[in-house]
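Report on one structure; see the data block that follows.
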C-alpha cells in the first residue's frame with residue numbers, strides 16, 4: 003500500500019519553480035469559480051506521519067490560495083464543551099460552507115488511530131470508528147461535498163532523517179517534540195494500523211491519496227495538483243449529480259392497514275384522572291431532572307405530528323415541570339442562509355446541548371422524510387438516504403448518553419377539522435392556522451404514508467418512536483409525560 | 003427604591019382569571035407582529051432575590067407565548083470555553099436575532115453582584131462592571147434592541163416566608179437550596195448592593211422595572227403587561243428612530259496636514275536586509291508562539307489599508323511562521339443573514355478564539371467607520387457611535403489578556419495605480435482587481451479623511467494603531483513582523 007510512497011520521490015528546483023506559478027494561478031481561479039458557484043464545499047483532510055510535512059504543506063496551501071475562501075482547523079485536544087457532546091460535534095461546528103475549502107489537520111481518524119496504537123482501544127473499536135467515519139463521509143459527499151483525503155507517508159529511514167533534519171535547523175527545531183520521537187519508536191505499529199485504516203476507508207466517494215512526504219517540493223506540488231484537478235473535475239460535473247434510486251420501494255399497501263390505523267384514537271381520560279396524573283408525572287419529571295445523576299445525561303425530545311395535534315400544549319406540560327435555565331425549545335422552521343450552505347443535519351448538530359440539559363425540538367430532522375418528501379422540497383435520493391443518516395445521527399447521540407425520545411402525535415382527520423375551525427374562532431389561536439395547514443390537509447394520505455415509512459425505518463431499539471393517540475389532548479399529554487419519565491429513569495439507571 | 007415592592011401587592015383569582023386570556027392573546031399578537039417585522043430583538047433580563055419567582059415567572063412567560071419566537075437562557079456557571087474568552091462572549095453568543103425574544107435568567111449583573119456581596123471584589127470593581135453593563139446596553143439599544151430589565155424583589159419577611167412555603171410543598175421543595183438560605187442570611191447586604199446597582203444602571207434606554215415577587219398572580223400579570231406595553235410601543239414607533247448627531251464634528255483641516263500625510267512613504271529596505279530581517283523576525287515569532295506562556299494569551303491582529311496596499315502578502319509572512327493549527331484568518335466580507343439579524347459587533351464576537359491562538363482579521367470591525375461610512379452603507383449616527391463601541395470592545399479583549407494589534411497599511415495614490423495596472427497583467431492576481439477598487443479610488447480623499455479620524459478616535463494606549471508605510475512591500479512586512487513580535491513579547495512579560 004505504501005510502496006509508491008517509499009520510493010524517494012523528488013522534484014528539482016528548476017521544475018518546481020516553473021510549475022508553481024502556473025499551479026497557483028490555476029488554484030486561485032478554481033477557488034474563485036468554486037466561491038462564485040457556491041454549490042459545494044471542499045473538505046480536505048491531512049493526516050500521516052510526524053515529520054512528513056503535514057503542517058508545512060497546509061501552510062503552503064494557505065499561502066498559495068486566497069485566504070478568504072480557505073480555512074484550516076487544527077484538531078488537537080478537544081475542549082470541555084466538545085467533550086461534553088458527541089465526538090463528531092467538533093467537526094460539524096467547523097465544516098466549511100458551500101463554496102469554501104476547509105482543511106482539517108487531524109480528523110476523525112486521528113484519535114481512533116492513536117488510541118489503537120497506544121493500546122487504549124481494541125481492534126473492534128477501531129473498526130467501529132472507521133465504519134462511522136465512512137458513514138459520515140458518505141453523508142457529506144451525498145450532500146455534495148468534495149472530500150479529499152491526503153495521507154503523508156515516510157519510510158522508517160526517511161522519517162528518522164526528516165526528524166533529525168528538522169532538529170538540526172534552529173528555525174525548525176521547535177517542530178520536533180518528544181512525542182514525535184516516542185511515536186517514531188512505534189513506527190511499525192503505526193504503519194500496520196495506518197495501512198488497515200486506509201484500506202478500510204478508501205471509498206469511491208472519498209478515496210485516500212498517499213503522498214510521500216520526504217521532499218517538500220514533491221509533496222507540495224503533488225497535493226496542489228490533486229486538489230486542483232479534483233475541484234476542476236467537480237466544477238465541470240456539478241450538474242451531473244447521479245440520481246439512482248437504490249433504496250427499496252415501500253411495502254405495497256394491500257390491506258389498507260398501517261401502524262397509524264391500528265391506533266385506538268378513542269382513548270380518553272377523565273378530567274379528574276388527568277389532574278391527578280399530571281401532578282404525579284410533572285412532579286416526577288421535576289425531581290428526576292434535579293437529581294445529581296441527571297448532570298451526566300442529556301435529554302433530546304422531539305415532537306412531530308399532524309397539524310393541530312397538540313404538540314405545543316404537550317411541550318408546555320413538560321417545560322412547566324422543568325427549570326427554565328436548563329431546557330431549550332428549538333422550533334424548527336425554514337433553514338437560514340448559513341444553514342442552507344451546510345449539509346442537512348448541520349442545523350441540528352449546532353443545537354446539541356451540553357450535559358444536564360433538556361432540549362425539545364418542535365418538529366425536527368424528520369422534516370426531511372415528512373414535509374420535504376411530500377411537498378417535493380428535496381429530491382427522492384435525498385430523503386431516501388435521510389433514513390440511514392438519521393439513524394446514524396441518533397446512534398451517535400445515544401452513544402454519548404443522550405436520551406432520544408421521539409413522539410408522533412396522531413389525530414383523526416375529523417378531529418383535525420374540528421380543531422381548525424375552533425382555532426379560527428379563538429382570537430389568540432387564530433395565528434396558528436395558516437393556508438399551509440389547509441393545503442397539508444389535502445395531502446392527508448401522502449403524509450400518512452410518509453409517517454408509516456418513517457416509523458418503519460427509524461424506530462430503533464436505541465431511539466424508538468412513541469405513537470401518541472392525541473384525539474383526547476389530556477390522554478396524549480399524560481402518555482407523553484409518562485414515556486419521557488420512563489426513558490429518563492431507564493437512562494439514569496444505566497449510568 | 004424598593005418601597006413600592008414591599009407593599010404586599012396581591013391580585014385575587016377572579017381578576018387574574020379575567021385578565022390572563024386577554025393578556026395572552028395580546029402577547030401572542032405582539033409576538034407575531036414582532037417576528038413579521040423582524041426589525042429589532044427583545045432582550046429581557048430577569049434578576050432579583052431567591053424565592054421571588056424568577057424561574058416560575060419565566061416558565062409562565064414561555065407558557066403564555068409562542069415558543070417559536072422566545073428563548074430562555076439560564077446564565078449559570080460559565081463553561082470552560084466561556085471562561086477562555088472575555089466575560090461578555092457568553093451573552094453575545096446567546097443574543098436573540100431581530101424579531102425574537104431572548105430571556106436571560108441571570109445576566110451581566112449576576113456575577114458582579116454576587117462577587118461584591120461575598121467580598122471577593124471591591125466597590126470600585128462593581129462600579130466598573132456596572133459601567134461596562136451600561137455601555138453594552140447602550141450599544142444594544144442603539145442597534146435597535148428593546149431591553150427590558152426586571153428586578154424581582156421581596157421584603158426580608160416575605161423572602162423568608164416564600165422560602166419556607168416552597169420548602170413545605172413536596173412539589174417545590176427542590177427549588178430551595180442551601181445556597182438560598184445562605185443568601186437569605188446576607189439579605190441586608192444584598193439589598194444595599196442591589197439598590198446601588200439598580201440606581202446606577204437604570205438608564206433612559208434600559209430602565210429597571212422593580213416587581214414585588216411575593217404574589218405569583220401579581221408578579222406574572224405585572225411583568226406580562228410591561229412586556230406587552232413595551233413591545234407594542236416600540237412596534238408603533240419603530241420608524242421613529244431618533245437621529246441626533248451628538249458626536250463632535252471632526253477637526254477642520256486648515257493646513258492640509260494629517261497623520262497619513264506625515265508618513266514617509268519613501269522608506270525602503272534592500273533585498274539583503276529584507277531576507278535577513280525576515281528570517282530573524284519569523285524565527286522570533288515562531289519561537290514566541292511556541293513558548294509555554296503563549297498558552298495564556300491570545301493574539302488578534304487586524305489589517306486595514308488602501309486597496310492593493312499588500313495586506314495579503316503581509317499576512318502570509320506572518321502565517322508562514324505559525325503553526326496552522328493555531329491560527330485562523332477571518333476575511334471580513336458582507337455579513338450573512340444571521341449576522342444581519344444581530345448587532346454590528348456580533349459577527350466579530352462569534353469569532354473570538356480561545357487562548358493560545360492567533361486570529362488574523364483581513365479587514366475588520368473598522369469597516370463601520372471606513373467603507374460603511376464613506377459609501378453611506380450605514381447612517382451617520384451608526385458610524386459615529388461605532389468609535390466608542392469599538393474602543394469598548396477592544397478594552398474587553400485586552401482585559402482578557404488578548405493582544406490587539408492593529409495595522410493600517412498606507413500607499414500613495416500613484417503607487418496604487420501602478421499596482422492596479424500590474425495586477426491586471428498578472429493572471430493569478432487579476433481576480434484581485436474589481437470595479438469596486440476603481441470606484442473606491444475615486445473617493446481617495448474621503449477615505450483618507452475617514453482613516454485619520456479613525457486613528458484619532460481609536461488609537462488607544464491598550465490597542466494602538468500602527469501606521470505602516472507600504473510603498474515598499476518589504477519595508478512594510480518587516481515593520482509589521484517587528485511590531486507584532488514586540489507586542490506579543492510585552493504581553494507575555496506582563497503575564
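Chains as they are written, first to last, in the numbering used here: chain A, 3 to 497; chain B, 3 to 497.
Where is the CB? At the ideal position from N, CA and C, for every residue including glycine.
Here the structure is a predicted model, which means the values were calculated and not measured.
Range covered by the alpha helix (DSSP H) that runs through residue i
i	result
residue 486 of chain B	475-495
residue 77 of chain B	That residue, residue 77 of chain B, is in no alpha helix (DSSP H); it is neither H nor E in DSSP.
residue 386 of chain A	382-401
residue 353 of chain A	Per DSSP, residue 353 of chain A belongs to no alpha helix (DSSP H) and is neither H nor E.
C-beta neighbour in chain B for residue i, strict 8 Å
i	result
residue 300 of chain A	no
residue 182 of chain A	no
residue 320 of chain A	no
residue 277 of chain A	no
residue 288 of chain A	yes
residue 479 of chain A	no
residue 292 of chain A	yes
residue 81 of chain A	yes
residue 18 of chain A	no
residue 317 of chain A	yes
residue 383 of chain A	no
N- and C-terminal bounds of the beta strand (DSSP E) containing residue i
i	result
residue 329 of chain A	329-333
residue 405 of chain B	404-412
residue 184 of chain B	No beta strand (DSSP E) holds residue 184 of chain B; the alpha helix (DSSP H) holding it covers 180-187.
residue 422 of chain B	First-last for residue 422 of chain B: 415-427, but that is the alpha helix (DSSP H), not the beta strand (DSSP E).
residue 364 of chain B	360-364
residue 498 of chain A	Nothing in the structure corresponds to residue 498 of chain A, since chain A is present only between 3 and 497.
residue 469 of chain B	467-471
Chain A within 8 Å of residue i, Cβ atoms only
i	result
residue 145 of chain B	no
residue 461 of chain B	no
residue 164 of chain B	no
residue 325 of chain B	yes
residue 283 of chain B	no
residue 189 of chain B	no
Within 8 Å, strictly: CB atoms of residue i and residue j
i	j	result
residue 25 of chain A	residue 223 of chain A	yes
residue 58 of chain A	residue 172 of chain A	no
residue 370 of chain A	residue 346 of chain A	yes
residue 107 of chain A	residue 48 of chain A	yes
residue 7 of chain A	residue 214 of chain A	yes
residue 152 of chain A	residue 211 of chain A	yes
residue 364 of chain A	residue 413 of chain A	no
residue 351 of chain B	residue 94 of chain B	yes
residue 143 of chain B	residue 54 of chain B	no
residue 366 of chain A	residue 304 of chain A	yes
residue 132 of chain A	residue 199 of chain A	yes
Sequence-distant residues of the same chain with beta carbon closer than 7 Å to residue i, five excluded per side
i	result
residue 417 of chain A	473
residue 465 of chain A	396, 400, 406, 408
residue 66 of chain A	26, 29, 226
residue 475 of chain B	312, 315
Beta-carbon proximity list for residue i, same chain, < 6 Å, skipping 5 on both sides
i	result
residue 260 of chain A	454
residue 276 of chain A	476
residue 141 of chain A	391
residue 105 of chain A	46, 60, 74
Sequence-distant residues of the same chain with beta carbon closer than 8 Å to residue i, five excluded per side
i	result
residue 359 of chain B	300, 301, 328, 329, 330
residue 98 of chain A	43, 44, 45, 73, 104
**Item:** Residues of the segment 54-72 of chain B whose Cβ lies closer than 7 Å to any Cβ of chain A, in chain order
**Value:** 57, 60, 61, 64, 65, 69, 70
**Request:** Scan the segment 436-452 of chain A for residues whose Cβ lies nearer than 8 Å to a Cβ of chain B and list them as they occur along the chain.
**Result:** The segment 436-452 of chain A vs chain B, Cβ under 8 Å: nothing.
**Under 8 Å (Cβ pairs) to chain A, residues found in the segment 330-363 of chain B** = 330, 331, 333, 335, 338, 339, 340, 356
**Request:** Taking only beta carbons into account, state which residues of the segment 167-180 of chain A come closer than 8 Å to chain B, listed in chain order.
**Result:** 172, 173, 176
**Message:** Short of 7 Å Cβ to Cβ, which residues in the segment 83-95 of chain B face chain A?
**Reply:** 83
**Contact set between the segment 105-128 of chain A and chain B, restricted to residues whose Cβ is under 7 Å from the partner** = 107
**Item:** Proximal residues, the segment 203-232 of chain B versus chain A, C-beta separation under 7 Å
**Value:** Answer set for the segment 203-232 of chain B: empty.
**Request:** Using a Cβ-Cβ cut-off of less than 9 Å, give me the residues of the segment 481-495 of chain A that come near chain B, in sequence order.
**Result:** none
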